[in-house]
């Protein structure tokens, strides 16, 4: 069964900490994405990558960075976590031809205290 | 990027057919229409995708009129397990550098 795996289901971090969210896919997909989901705001795109070492800003990249050193892994980095980054974070991947849609991970619920 | 508008919520009863309409007035020539389903505490799941006319799979049907300014997701004979949020997305799926934007979604509640 193909899948997108996010390293943690729940995380609690302190304000100012550097936070790494890891995502791994086993489908040899070219594209990978990071979204955050908040009540009333839906899913918002943070960053995406369509190749190794490539990255593109989404709609809300401020306060985040990403890393894609290997095709199967896409990391989201919160350089200095803040309380307004408390959210559900969702990783997704898709083949270059996105006609088969995105496959999402189960999400990481991050709480910054 | 084409913006989508969907009803915020809908109610239905088991066994009924449910139609969720999405408006996308500024859809571009290369844009496709994709629908996702999301259950609580899970990531969205791809349901169906189309460009024009009608597409049907084992889960749903997608109706797209000739002007493509709207689309309708049809769920036949819903059950309680179809209670979820449904998202309509519009975008160029073959544009490698492009991005697909999720709208607010429609929260479907199926009652016994």
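Residue numbers (this note's numbering), protein chains in the order written: chain C, -1 to 111; chain S, 26 to 137.
Quick reminder that beta carbons are idealized off the backbone N, C-alpha and C, glycines included.
Which partner residues does residue i have in the DSSP bridge list?
i, result
"residue 3 of chain C", "C:22"
"residue 30 of chain C", "C:47 and C:91"
"residue 44 of chain S", "S:99"
"residue 88 of chain S", "S:79 and S:97"
"residue 36 of chain S", "S:134"
"residue 36 of chain C", "C:40"
"residue 107 of chain C", "C:8 and C:86"
"residue 116 of chain S", "S:57"
"residue 29 of chain S", "In the DSSP output, where bridge partners are listed per residue, residue 29 of chain S has none listed."
"residue 79 of chain C", "BP columns for residue 79 of chain C are empty, so no partner."
Counting only Cβ pairs nearer than 9 angstroms, list the residues of chain C close to residue i.
i, result
"residue 111 of chain S", "Per Cβ cutoff of 9 angstroms: no residues; residue 111 of chain S is ~12 angstroms from chain C at best."
Taking 8 angstroms as the threshold (C-beta atoms), are residue j and residue i in contact?
i, j, result
"residue 106 of chain C", "residue 6 of chain C", "yes"
"residue 52 of chain C", "residue 66 of chain C", "yes"
"residue 52 of chain S", "residue 97 of chain S", "no"
"residue 131 of chain S", "residue 32 of chain S", "yes"
"residue 56 of chain S", "residue 115 of chain S", "yes"
"residue 91 of chain C", "residue 34 of chain C", "no"
"residue 106 of chain S", "residue 85 of chain S", "no"
"residue 112 of chain S", "residue 127 of chain S", "yes"
"residue 16 of chain C", "residue 74 of chain C", "no"
"residue 88 of chain C", "residue 41 of chain C", "yes"
"residue 68 of chain S", "residue 78 of chain C", "no"
"residue 62 of chain S", "residue 72 of chain S", "yes"
"residue 43 of chain S", "residue 110 of chain S", "no"
In chain S, which residues lie with their C-beta within 9 angstroms of the C-beta of residue i?
i, result
"residue 5 of chain C", "Residues of chain S passing the Cβ test: none, with the nearest at roughly 14 angstroms."
"residue 102 of chain C", "61, 63, 67, 68, 69, 70 and 71"
"residue 43 of chain C", "124, 125, 126 and 127"
How would you call residue i, buried or exposed, if buried means at least 16 neighbouring beta carbons within 10 angstroms?
i, result
"residue 110 of chain C", "buried"
"residue 63 of chain C", "exposed"
"residue 137 of chain S", "exposed"
"residue 14 of chain C", "exposed"
"residue 29 of chain S", "buried"
"residue 10 of chain C", "exposed"
"residue 81 of chain S", "exposed"
"residue 29 of chain C", "buried"
"residue 8 of chain C", "exposed"
"residue 75 of chain S", "buried"
"residue 133 of chain S", "buried"
"residue 93 of chain S", "buried"
"residue 14 of chain S", "Limits of chain S in this structure are 26 at one end and 137 at the other, which puts residue 14 of chain S out of reach."
Name the chain S residues that come within less than 7 angstroms of residue i, Cβ to Cβ?
i, result
"residue 88 of chain C", "68"
Quick one: which chain S residues come within Cβ less than 8 angstroms of residue i?
i, result
"residue 9 of chain C", "Result: empty, since nearest Cβ-Cβ is about 15 angstroms, beyond 8 angstroms."
"residue 105 of chain C", "66, 67 and 68"
Using a Cβ cut-off of 7 angstroms, pull out every chain C residue sitting near residue i, in sequence order please.
i, result
"residue 75 of chain S", "Within chain C, no residue comes near residue 75 of chain S; the closest Cβ sits about 10 angstroms away, beyond 7 angstroms."
"residue 130 of chain S", "40"
Using 8 angstroms as the threshold, is the stretch 50 to 65 of chain C in touch with the stretch 36 to 49 of chain S, meaning 3 or more CB pairs across them?
The stretch 50 to 65 of chain C, when compared against the stretch 36 to 49 of chain S, does not touch it at the 8 angstroms Cβ threshold.
For the pair the stretch 98 to 107 of chain C and the stretch 44 to 51 of chain C, tell me if three or more CB-CB distances fall below 8 angstroms.
By the C-beta criterion, the stretch 98 to 107 of chain C is judged not to be in contact with the stretch 44 to 51 of chain C, since fewer than 3 inter-stretch pairs fall below 8 angstroms.
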